[in-house]
Amino acid sequence: DAMVIQNPRYQVTQFGKPVTLSCSQTLNHNVMYWYQQKSSQAPKLLFHYYDKDFNNEADTPDNFQSRRPNTSFCFLDIRSPGLGDAAMYLCATSRDRTNQPQHFGDGTRLSIL
Amino acid sequence: KNEVEQSPQNLTAQEGEFITINCSYSVGISALHWLQQHPGGGIVSLFMLSSGKKKHGRLIATINIQEKHSSLHITASHPRDSAVYICAVPRPGGGADGLTFGKGTHLIIQP
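These protein sequence lines are chains S and D, in that order.
With my numbering, the residue at position 101 of the first sequence is 103, and numbering never jumps.
With my numbering, the residue at position 89 of the second sequence is 94, and numbering never jumps.
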């Protein structure tokens, strides 16, 4: 079935040790989003790609980077994770710019030791 | 910035009850999303609507664009409906700029 797949489901890393989260989609959607959701809070947009165009949110820390090597894959890189970066990271896609449903992955829960 | 308010924040009901969750927003939009999030994190899109009413199984979503208000109803609620229900609207920059989410309504349906 077409879907959005995030790997891994659970990631544990050490304080300051770089980590990469992965998202893939079989929907052939143009737009891919990364959201951060901390405990008991609403998801917050970090950045998104419209095709190859990268759009960073003004308040996304420099510590967070993203890559989209092709339509299907998008990565979230955290260069030096701090304790405050422990959260659920959600990847979502939508077909195009105009109002479209968003399709979410199951998320990656990141813990920092 | 669009403020999205949901009520109630928490709701516990008995199996079979009719459930209503409300959402209001501050800036005019062209469409609104209702999402469901189960424990463990994954989010499922339930509805995207821009006017009137949509129905899917036991779920009904309505929106009043003029009043900037939407409701999600669950008929004949069941324990498997227990989840967090989230209302979300497109950010003011346009549809591709992601969503602004409400804080969610934590629903528990007891057998």
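Where is the CB? At the ideal position from N, CA and C, for every residue including glycine.
- Which of helix, strand or coil DSSP assigns to S:Pro20: Here residue 20 of chain S refers to the residue found at position 18 of the first sequence. Coil at S:Pro20, not helix or strand.
- Message: Contact defined as beta carbons within less than 8 Å: I believe D:Pro103 pairs with S:His31. What is the distance between those atoms, to the nearest angstrom?
- Response: Taking the second sequence and counting its residues from 1, one reaches residue 103 of chain D at position 98. Taking the first sequence and counting its residues from 1, one reaches residue 31 of chain S at position 29. Sequence inspection shows Gly at residue 103 of chain D; the Pro mentioned does not correspond to that position. So it is not a contact: roughly 14 Å between Cβ atoms.
- Message: Please state the DSSP three-state secondary structure of S:Leu85.
- Response: For the purposes of this step, residue 85 of chain S is taken as the residue at position 83 of the first sequence. It is helical.
- Task: For D:Pro95, decide whether its Cβ has a neighbour in chain S, counting only Cβ atoms nearer than 9 Å.
- Result: Taking the first residue of the second sequence as position 1, residue 95 of chain D is located at position 90. Put simply, the CB of D:Pro95 is near chain S, with a gap under 9 Å to one of its CB atoms.
- Item | Cβ-based neighbour list, S:Arg81, same chain, cut-off 6 Å, excluding 5 preceding and 5 following | Within the first sequence, the letter at position 79 stands for residue 81 of chain S. Scanning its chain for C-beta atoms nearer than 6 Å, with the 5 sequence neighbours on each side dropped, one finds around S:Arg81 the residues Pro20, Asn65, in chain order.
- D:Lys6, enclosing beta strand (DSSP E) - first and last residue: Position 1 of the second sequence holds residue 6 of chain D. Per DSSP, D:Lys6 belongs to no beta strand (DSSP E) and is neither H nor E.
- chain S residues whose Cβ lies nearer than 9 Å to that of D:Leu104: Along the second sequence, one-based indexing puts residue 104 of chain D at 99. The answer, in chain order, is Tyr35, Tyr37, Pro45, Leu47, Ala94, Gln104.
- Please list the partners that D:Lys108 has in chain S, where partner means a Cβ-to-Cβ separation under 7 Å. Here residue 108 of chain D corresponds to residue number 103 of the second sequence, with the count starting at 1. Think of a sphere of 7 Å around the beta carbon of D:Lys108: the chain S residues whose beta carbon falls inside it are Ala44, in chain order.
- Message: S:Leu78 and S:Glu59 - do their beta-carbons sit closer together than 9 Å?
- Response: As a position in the first sequence, residue 59 of chain S is number 57, starting the count at 1. As a position in the first sequence, residue 78 of chain S is number 76, starting the count at 1. No; because the gap between Cβ atoms is not below 9 Å, this pair is not in contact.
- Query: Can you tell me where the beta strand (DSSP E) with D:His78 in it begins and where it stops?
  - Reply: Here residue 78 of chain D is taken as the residue at index 73 of the second sequence, counted from 1. Looking at the DSSP string, the run of the beta strand (DSSP E) that includes D:His78 is 74-79.
- Hey, is D:Ala36's beta-carbon within less than 9 Å of any beta-carbon in chain S? The residue labelled residue 36 of chain D in the question sits at position 31 within the second sequence. Yes - at least one Cβ of chain S is within 9 Å of the one on D:Ala36.
- Task: Tell me whether S:Gly109 is buried or exposed, calling it buried when 16 or more other Cβ atoms sit within 10 Å of its Cβ.
- Result: If you number the first sequence from 1, residue 109 of chain S lands on position 107. With at least 16 other beta carbons inside 10 angstroms of its own, S:Gly109 counts as buried.
- Excluding the five sequence neighbours on either side, which residues of its own chain have a C-beta within less than 7 Å of the C-beta of S:Gln16, listed in chain order? In the first sequence, residue 16 of chain S corresponds to position 14, counting from 1. Listed in chain order, the non-local C-beta contacts of S:Gln16 below 7 Å within the same chain comprise Leu115, local neighbours out to five positions each way being set aside.
- Query: How is S:Asp64 classed by DSSP in three states: helix, strand or coil?
  - Reply: The residue you call residue 64 of chain S lines up with position 62 of the first sequence. If DSSP states are grouped into helix, strand and coil, S:Asp64 belongs with coil.
- Message: Residues of chain S with CB closer than 8 Å to the CB of D:Ser50, please, in chain order.
- Response: Stepping through the second sequence from its first residue, residue 50 of chain D is reached at position 45. Listed along chain S, the residues sitting closer than 8 Å to D:Ser50 by beta-carbon distance are Pro103, Gln104, His105, Phe106.
- Item | CB contact flag (S:Gln38, S:Tyr91, <9 Å) | Within the first sequence, the letter at position 36 stands for residue 38 of chain S. Within the first sequence, the letter at position 89 stands for residue 91 of chain S. A contact, by the Cβ cut-off of 9 Å.
- Message: What does the alpha-carbon distance come out to for the pair S:Pro71 and S:Asp98?
- Response: In the first sequence, counting from the first residue as 1, residue 71 of chain S sits at position 69. In the first sequence, counting from the first residue as 1, residue 98 of chain S sits at position 96. Approximately 18 Å, taken between the alpha carbons.
- Message: Rounded to whole angstroms, what is the Cα-Cα separation between D:Ser12 and D:Gly109?
- Response: As a first step, residue 12 of chain D is located in the second sequence; it is residue number 7 there, counting from the start. As a first step, residue 109 of chain D is located in the second sequence; it is residue number 104 there, counting from the start. Separation of D:Ser12 and D:Gly109 (C-alpha to C-alpha, rounded to the nearest whole angstrom) is 8 Å.
- Query: By Cβ distance, which residues of its chain are closer than 7 Å to D:Asp86, with the 5 residues on each side in sequence left out?
  - Reply: Mapped onto the second sequence, residue 86 of chain D falls at position 81. If we look at D:Asp86 and ignore the five residues flanking it on each side, its Cβ neighbours are Ile79, Leu112, Ile114.
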